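**Student:** Each number in the working numbering corresponds to the 1-based position in the sequence shown with 234 added. Can you read through this structure? Questions will come right after.
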Amino acid sequence: MCTAVIEVPESPDAAVRLLAVRDEDPGRAWDAPGRWWPDRPGLIGVRDRLAGGAWLAADPAERRLSLVLNRAETSPLGLPQGPSPAGSRGVLVLDEASGRTIPDPPGTANFNLVGLSRTGARVTSWDGTGYHRTDLEPGMHMIAHHDVDDAVRTPRIAHWLPAFREVAGLPDAEWREQWIGVLDESTRLAVDDDRAIIRDNRRHGYATLSLLVCLAELRPGATGDEGADGSLSIDTAVLAEPAHWQRPAFERISA
């Protein structure tokens, strides 16, 4: 039950921005951001050791970033039929970040796949029966385990999207601090409150807790050169204790 906040700028000269919180079973092994995929040497990301895929991956040279959020199951069709187990949604993250077409059907459980580029953002959702793709309009958006900006079914979106919209369009030097300020404010809620962003989901039937926070910015500019005027920056912070927020230090991922 991860959370992502995405800002698509009004101006084509401004940056696409992201705040993402990863919720996962603390017992499931994973690796901090790095270059973990020899067959995709251009990618950096957060690796799931069990399945080998990624929760978040980026191609700095091409200014692409992708992450996956589990989507609520609405029917038995949310899982592939037949004896084979569901495939890894994390492989789709690698495909999206690499600019490859994801398979149809994906052979996985339900998901929301967020794809960011230097020019915008798209969410690709799989509900077990087909794909639904949403190109995000300029503005601030929020997504978890239902649809984009779904304030009806997702209490944390209903409660916090207005606050994030208040800090849209900020200068480069200010946005990170202001967005983290909203996240700070959200932690006044109990971690099992369904409006919380930093979460303990066990009361809601999921063995997942918030483990990692990521901030990313994709600026316009030429692709194919990591030193070009455009840039992709990713800052991550691992929570010292799952679902426990104490303003952790963020580290810039080296591209």
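Ideal placement from N, C-alpha and C gives every residue a C-beta, glycine not left out. Model, not experiment: these values are computed from the prediction.
(1) Report the option in E307, L326, A320 and D273 whose CA atom is closest to the CA atom of L299.
(2) What is the DSSP secondary structure of E411, reduced to helix, strand or coil?
(3) Specify, as a first and last residue, the run of the beta strand (DSSP E) that S359 falls within.
(4) List in chain order: all unbroken beta strand (DSSP E) runs of 3+ residues lying wholly within the segment 433-460.
(5) Measure the Cβ-Cβ separation of A266 and V447 and say whether it is below 8 Å.
(6) I'd like the list of long-range same chain contacts for F484, defined as Cβ closer than 7 Å, with 5 residues on each side in sequence excluded.
(7) What residues are listed by DSSP as bridge partners for V250?
(8) Beta-carbon of D406 versus every beta-carbon of chain D: anything under 8 Å?
(9) Please specify which runs of the alpha helix (DSSP H), each continuous and at least 4 residues long, are wholly inside the segment 262-314, giving them in chain order.
(10) If you check the beta carbons only, do W289 and R256 fall under 8 Å apart?
**Tutor:** So, to answer that:
(1) Selected option, being the one with the closest Cα: L326.
(2) It is helical.
(3) Unbroken beta strand (DSSP E) run through S359: G354 to W360.
(4) You should have 443-452.
(5) Taking 8 Å as the Cβ cut-off, A266 and V447 do not qualify as a contacting pair.
(6) Once the five neighbours on either side are set aside, the close Cβ partners of F484 are L449, D469, T470 and A471.
(7) Partner(s): L452.
(8) This model lacks chain D altogether; it includes just one protein chain.
(9) Listed in chain order, nothing qualifies, since the segment 262-314 has no complete alpha helix (DSSP H) run of 4 or more residues.
(10) Less than 8 Å divides the Cβ of W289 from the Cβ of R256.
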